[in-house]
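Engineer: Just add 6 to wherever you are in the sequence shown, counting from 1, and you've got our numbering. The beta-carbon is built from N, C-alpha and C at its ideal position, and this holds for glycine as well. Here you go, one structure.
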Amino acid sequence: MKERNLFIAGAAGEGIQTIGDIVARAFLSHGYPVFAASEFESRIRGGNSSTRLRIAEAPRNAPRPVADVLLALNPQARDHYAAALREGGLLIATEPGQDERNRLEIPFVPLAIEHGGQPIYANAVAAGALGASTGLPFERLEQVLTETFAKRGEEVVRANAAAARAGYDLAMAQLGDRKPDELPPRQATHTFASAHDVIPLAAAAAGCRFISAYPMSPSTGIITAFARYPDLGVFFEQAEDEIAAINMAIGASAAGARAMTATSGGGFALMTEGLSLAGMTETPIVILIAQRPGPATGLPTRTAQEDLLFAIRAGHGEFPRLVLAPS
């Protein structure tokens, strides 16, 4: 199978992450590993947000900046992310505009109302169209939709499946002789989990038994994941601030427990005196810095690597530390 890179773009509140999750899980159930990356603004509605899916026969560990298929849920998203679509790539939108590249015109909301009964099912229509454009059998999408919405009742499952089917069929009809070959199933099992879920599991496997932290995006999901997994045997404490958090972790480590804390750039700035204390007393401590763009409060919902030099040099005086970061 040729690698496929999908961009799902729209405004906050349009179900971008839901579409990405459904399509990703459908590919996983078909035996193909998926790498997903999301970008969203710090707002409840509007703006430009996206989810990128990278699908291949072998696992990938990073997204690609170029899209083979761009699914745009509104004209603003279409224009904002148009440059990411490769030459000859496929655009799926309600209003494709004047671009002469390959495109599908899918009326997400009208199809959702016609087949699901409510506009809320527009993201199911979009997931169906995206699945059709990549050669994914509809049965896989239907299976994931059933699993995802089973707790909400049979009518919700039926409406989602009907809306997805409408998007899938219309996309297939418009593709015509451009239809991709249907992907063959693979006998492979892959896990789909966010870093917020995987990091606590890895920490527990490495022997971590205590974490203290104060919520600061984008590290908050890591903290709450520990609280969701009591079976890991890791004691979790939400501190009153970052200074208390690192001091608690140092105390736990000094008492013999493998301990860590988690924060972002601004919180780590408050922890530097505690880091120096750990250096002076030679107390092992792990600090997870989920970096976001700065300076100061910066952009809470974005990610970056702007604090690497700060992490290397933080603290008073010289003492050993190991800084690990994605390359």
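What residues match up with F241 in a beta bridge as DSSP calls it?
Structural biologist: Taking the first residue of the sequence shown as position 1, residue 241 is located at position 235. For F241, which the question treats as bridged, DSSP gives the partners F216.
Engineer: Compare the C-beta of G122 with all C-beta atoms of chain D and state if any pair is closer than 7 Å.
Structural biologist: The chain inventory of the structure shown lacks chain D, comprising one protein chain alone.
Engineer: Any idea if E93 is buried or exposed, counting beta-carbon neighbours within 10 angstroms, 16 or more meaning buried?
Structural biologist: Counted from its first residue, the sequence shown places residue 93 at position 87. By the 10 Å Cβ count, E93 comes out exposed.
Engineer: Assign L330 to buried or exposed, taking buried as 16 or more other Cβ atoms, counted over all protein chains shown, within 10 Å of its Cβ.
Structural biologist: Here residue 330 refers to the residue found at position 324 of the sequence shown. L330 should be labelled exposed.
Engineer: Could you tell me the alpha carbon to alpha carbon distance between I256 and P71, rounded to whole angstroms?
Structural biologist: Position 250 of the sequence shown, counted from the start, is the residue given in the question as residue 256. Position 65 of the sequence shown, counted from the start, is the residue given in the question as residue 71. Cα to Cα, I256 sits roughly 40 Å from P71.
Engineer: Within the chosen definition, does the region 244-253 reach the region 181-201 through at least 3 CB pairs nearer than 8 Å?
Structural biologist: no
Engineer: Please name the residue in R215, I229, S218, G182 whose C-alpha comes closest to that of V204.
Structural biologist: If you number the sequence shown from 1, residue 204 lands on position 198. Nearest of R215, I229, S218, G182 to V204, Cα basis: I229.
Engineer: Ordered along the chain, which non-local residues of its own chain (more than five positions away) have a Cβ less than 7 Å from that of F46?
Structural biologist: Taking the first residue of the sequence shown as position 1, residue 46 is located at position 40. Excluding positions up to five away in sequence, the list reads A18, S55, T307.
Engineer: Go through its chain and collect everything with a Cβ distance to E120's Cβ below 8 Å, but skip five positions before and after it.
Structural biologist: Working through the sequence shown from its first residue, we reach residue 120 at position 114. Closer than 8 Å at Cβ, skipping near neighbours: A172.
Engineer: Any idea if A26 is buried or exposed, counting beta-carbon neighbours within 10 angstroms, 16 or more meaning buried?
Structural biologist: Taking the sequence shown and counting its residues from 1, one reaches residue 26 at position 20. Looking at the sequence itself, residue 26 is Gly, so the reference to Ala does not match. Buried, since its Cβ has 16 or more Cβ neighbours within 10 Å.
Engineer: At what residues does the alpha helix (DSSP H) containing G304 begin and finish?
Structural biologist: The residue labelled residue 304 in the question sits at position 298 within the sequence shown. Here G304 belongs to no alpha helix (DSSP H), and DSSP marks it neither H nor E.
Engineer: Taking contact to mean at least 3 C-beta pairs separated by less than 8 Å, is the region 257-271 in contact with the region 206-214?
Structural biologist: Flag = yes, the region 257-271 and the region 206-214 touch.
Engineer: Assuming D313 is part of the alpha helix (DSSP H), what are its boundary residues?
Structural biologist: As a first step, residue 313 is located in the sequence shown; it is residue number 307 there, counting from the start. Run containing D313: none; DSSP gives neither H nor E here.
Engineer: How big is the Cα-Cα spacing for E101 and R184?
Structural biologist: In the sequence shown, counting from the first residue as 1, residue 101 sits at position 95. In the sequence shown, counting from the first residue as 1, residue 184 sits at position 178. About 20 Å.
Engineer: How many whole angstroms separate the CB atoms of A42 and L59, which I take to be in contact at a CB cut-off of 8 Å?
Structural biologist: By one-based count along the sequence shown, residue 42 stands at place 36. By one-based count along the sequence shown, residue 59 stands at place 53. Sure, about 5 Å apart at Cβ, within 8 Å.
Engineer: Can you tell me where the beta strand (DSSP E) with R184 in it begins and where it stops?
Structural biologist: Against the sequence shown, residue 184 aligns to sequence position 178. From DSSP, R184 is part of no beta strand (DSSP E); its letter is neither H nor E.
Engineer: Taking just the CA atoms, how far does L34 sit from I112?
Structural biologist: Residue numbering aside, residue 112 sits at position 106 when the sequence shown is read from its first letter. Residue numbering aside, residue 34 sits at position 28 when the sequence shown is read from its first letter. Rounded to whole angstroms, I112 to L34 spans 25 Å at the Cα level.
Engineer: To the nearest angstrom, how far is it from the Cα of G304 to the Cα of Q193?
Structural biologist: As a working mapping, residue 304 is identified with position 298 in the sequence shown. As a working mapping, residue 193 is identified with position 187 in the sequence shown. Approximately 44 Å, taken between the alpha carbons.
Engineer: Could you pull out every unbroken beta strand (DSSP E) segment of at least 3 residues lying fully inside the region 121-166, listed in chain order?
Structural biologist: none
Engineer: Could you check where the alpha helix (DSSP H) with N108 kicks off and where it finishes?
Structural biologist: Looking up residue 108 in the sequence shown gives position 102. No alpha helix (DSSP H) holds N108; DSSP gives it neither H nor E.
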